[in-house]
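Reading through the structure tokens given below for one structure.
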Amino acid sequence: MIPSFHLRLRRRRLLGSPRRLGVALFLLLPVTAACGGDPELEQPVPLYGEDPIAYPLDLWDEGVEGTALLRLLVNEEGAVDSIEVVESSGHDGLDEAARAGARDLRFEPGRVNGKRSPMWASLPVEFSTRPQAVEPD
87 MIPSFHLRLR RRRLLGSPRR LGVALFLLLP VTAACGGDPE LEQPVPLYGE DPIAYPLDLW
147 DEGVEGTALL RLLVNEEGAV DSIEVVESSG HDGLDEAARA GARDLRFEPG RVNGKRSPMW
207 ASLPVEFSTR PQAVEPD
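Numbering (this note's numbering), first residue to last: 87 to 223.
Dropping the structure here:
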């Protein structure tokens, strides 16, 4: 059983979504490829109305923690087309949960010179049972 105090903190911290019990933290880090010339690049931006990535409840109960680093290919419509685990969390269950959750994320697509373009981005997904600091509203 996840302590309700922890759930309350996590719900407020991650988009206020009450639909998920356990959650994982994620932060989008841009990945830019070396390009000739100086094209104007705009990285994909996650749409924060999306549900956060679910923390597997059995792994939460066991206290399993870790951070998986994913590489995502975001298409012109903002959907995730491809996912690679760049660095494992150290637990297959957490890695699979990160992949499964990332599959459903939506983004404002990346742009090259103002035109929507498929683009790679890095997504670290942290699974932690420790309470996160909550900023006052």
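Heads up, the beta-carbon is just placed ideally off N, CA and C, and yes, glycines get one too.
When you compare the CB positions of VAL160 and PRO195, do they come within less than 9 Å of one another, or not? The residue given as residue 160 occupies position 74 in the sequence shown. The residue given as residue 195 occupies position 109 in the sequence shown. Yes, Cβ-Cβ distance for VAL160 and PRO195 is below 9 Å.
What are the partner residues of GLU170, as DSSP defines its beta bridges? On the sequence shown, residue 170 is found 84 positions in, with the first residue counted as 1. BP columns for GLU170 point to ARG157.
Boundaries (first-last residue) of the beta strand (DSSP E) holding ALA207: The residue you call residue 207 lines up with position 121 of the sequence shown. Its beta strand (DSSP E) spans residues 205–213.
Out of ALA184, ALA207, GLU170, ARG157, which one is the CA nearest neighbour of SER214? Mapped onto the sequence shown, residue 214 falls at position 128. The candidate whose alpha carbon is nearest that of SER214 is ALA184.
Going straight from the alpha carbon of TRP206 to that of PRO138, what length do you get? Taking the first residue of the sequence shown as position 1, residue 206 is located at position 120. Taking the first residue of the sequence shown as position 1, residue 138 is located at position 52. When rounded, the distance between both Cα atoms is 20 Å.
Find the nearest neighbour of TYR141 within the set ASP181, ARG157, VAL171, judged by alpha-carbon distance. Translated into positions along the sequence shown, residue 141 becomes position 55. Considering only alpha carbons, the answer is ASP181.
Proximity of LEU155 and ILE169 at Cβ, strictly below 9 Å: The residue you call residue 155 lines up with position 69 of the sequence shown. The residue you call residue 169 lines up with position 83 of the sequence shown. The answer is no: Cβ separation not under 9 Å.
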